[in-house]
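A.B. asks:
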Amino acid sequence: MANVKSTQAGIAYLDLQAHVGITKHIGGRAATDRLLADCHVENAREVLCVGCGIGVSTAYIAKKFDCHVVGVDISDKMIEWARLRAKRERVESKIEFRTADIQDLPFQANRFDAVIVESVVSFVTDKARAIRECVRVTKPGGYVGLNESYLTQALPPELSEMVGRTLGGIEMPMLETWQALWDASGLQERVLQTYSIDARQEVSDRIRWIGVRWTLEAFARLFRLYLTRPEVRVSVREQYGSTSDVLGKLEYALFVGRKQV
Ligand SMILES: C[S@@+](CC[C@H](N)C(=O)[O-])C[C@H]1O[C@@H](n2cnc3c(N)ncnc32)[C@H](O)[C@@H]1O
């Protein structure tokens, strides 16, 4: 775990996910299906998944639609998991993976028919730049679709401090912040729909989608790290111990917009 970023006491949230091999976005497969339908992925020839994590949606899109998919993530480790997943799902010939930062995408302008971003911009410092990059690489007439969560009320100071620490200093936005960012995107036909969270369903949906084998393997890795790394024990207790407090104040939104022809 040489490249694991440590917070004051433990390990940053996304680094722990990368080492264990689990990522998620709120709303699960139902939210992805809505986003893909609203972005008309059924008509797309080339789709970009930004911040693809372990590649669950990437493989899903490649399997479900007749299109080429490009998956990018800032973490090499996530890209390794995503490649493994594509191989296991037998869709590797339809997907190309690259390590890249959403704030500086290594693609020419106007390339993709749809750009799908699920729970990524929340973790980025310059959110306006990240959205601008997604718009830039989208074809005129193509769609950008985001699934991002927001706080419905301010967190108590202690919880806010802990969340800030585990997210590497990034603050969780409120809905008004997202609305302003989306309005400034320059996209047309903009829609922003909000949804509440059913915490229990989140977990069972994700396990069903990721698959029992993958989930068990991930938990075995987490268990090994928990036993051998004191900083992982700190993070697991801190991050998972406060999950229900944070989830109770979170909702998510689907953002869809179309680039001017
Ligand atoms: C919460 S996970 C969501 C992953 C995936 N979209 C999913 O739904 O399972 C966030 C992902 O965003 C990636 N990420 C964070 N900052 C990024 C950046 N600046 N550029 C690209 N990816 C980034 C992380 O490495 C992680 O894989």
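Here my numbering is used: the first residue of the sequence shown is 1076, the next is one more, and so on.
Beta carbons: idealized from backbone N, C-alpha and C, even for Gly.
What you are looking at is a predicted structure, and each value in this text was computed from that prediction instead of being measured.
#1: Using the beta-carbon count (16 or more within 10 Å), is D1141 buried or exposed?
#2: Excluding five sequence neighbours on each side, which residues of the same chain lie with their C-beta closer than 7 Å to the C-beta of W1156?
#3: Work out the CA separation of A1295 and Y1225 for me, nearest whole Å.
#4: With a cut-off of 8 Å on the beta carbons, I'd call I1177 and G1146 a contact; round off their distance for me.
#5: In the DSSP assignment, the alpha helix (DSSP H) including K1162 goes from what residue to what residue?
#6: Any chance the segment 1228–1246 sits against the segment 1262–1277, with 3 or more Cβ pairs inside 8 Å?
#7: Using a Cβ-based criterion (distance less than 7 Å to any ligand heavy atom), does D1151 qualify as near ligand 3?
#8: At which residues does the alpha helix (DSSP H) containing D1108 begin and terminate?
#9: According to DSSP, L1325 sits in a beta bridge with which residue or residues?
#10: Okay, do the segment 1216–1225 and the segment 1103–1121 touch, 3+ Cβ pairs below 8 Å being the bar?
#11: With distances taken Cα to Cα, identify the nearest neighbour of S1317 among M1153, F1172, F1187, G1239.
#12: Would you call the segment 1158–1166 in contact with the segment 1184–1200, where contact means no fewer than 3 C-beta pairs closer than 8 Å?
#13: Starting from R1299, follow the alpha helix (DSSP H) in both directions and report where the run begins and ends.
#14: Would you check whether ligand 1 has a heavy atom nearer than 7 Å to the C-beta of C1114?
#15: Would you check whether ligand 1 has a heavy atom nearer than 7 Å to the C-beta of E1193?
#16: Relative to ligand 1, is the shortest distance from any of its heavy atoms to the C-beta of V1190 smaller than 7 Å?
C.D. replies: The answer reads as follows:
#1: Your numbering for residue 1141 matches position 66 in the sequence shown. It is exposed - the Cβ of D1141 has fewer than 16 other Cβ atoms within 10 Å.
#2: By 1-based counting over the sequence shown, the position of residue 1156 is 81. Correct list, in chain order: G1096, I1129, G1130.
#3: The residue labelled residue 1225 in the question sits at position 150 within the sequence shown. The residue labelled residue 1295 in the question sits at position 220 within the sequence shown. Straight-line spacing of the CA atoms in Y1225 and A1295 works out to 31 Å.
#4: For the purposes of this step, residue 1177 is taken as residue 102 along the sequence shown, with counting starting at 1. For the purposes of this step, residue 1146 is taken as residue 71 along the sequence shown, with counting starting at 1. Actually they are not in contact, since the Cβ atoms of I1177 and G1146 sit about 12 Å apart, beyond 8 Å.
#5: Position 87 of the sequence shown, counted from the first residue, corresponds to residue 1162. Annotation: the continuous alpha helix (DSSP H) that includes K1162 extends over 1151–1163.
#6: no
#7: Inclusion of ligand 3 in the displayed structure is not the case, the ligand content consisting of ligand 1 alone.
#8: As a working mapping, residue 1108 is identified with position 33 in the sequence shown. Unbroken alpha helix (DSSP H) run through D1108: 1103–1113.
#9: The residue you call residue 1325 lines up with position 250 of the sequence shown. BP columns for L1325 point to L1226.
#10: yes
#11: Counted from its first residue, the sequence shown places residue 1317 at position 242. Looking only at M1153, F1172, F1187, G1239, the smallest Cα-Cα distance to S1317 is reached by G1239.
#12: no
#13: Against the sequence shown, residue 1299 aligns to sequence position 224. R1299 -> alpha helix (DSSP H) spans 1287–1303.
#14: Position 39 of the sequence shown holds residue 1114. C1114: no, Cβ never under 7 Å from ligand 1.
#15: On the sequence shown, position 118 is the one that residue 1193 refers to. Yes, since a heavy atom of ligand 1 falls inside the 7 Å radius drawn around the Cβ of E1193.
#16: The residue given as residue 1190 occupies position 115 in the sequence shown. Not so, every heavy atom of ligand 1 lies at least 7 Å from the Cβ.
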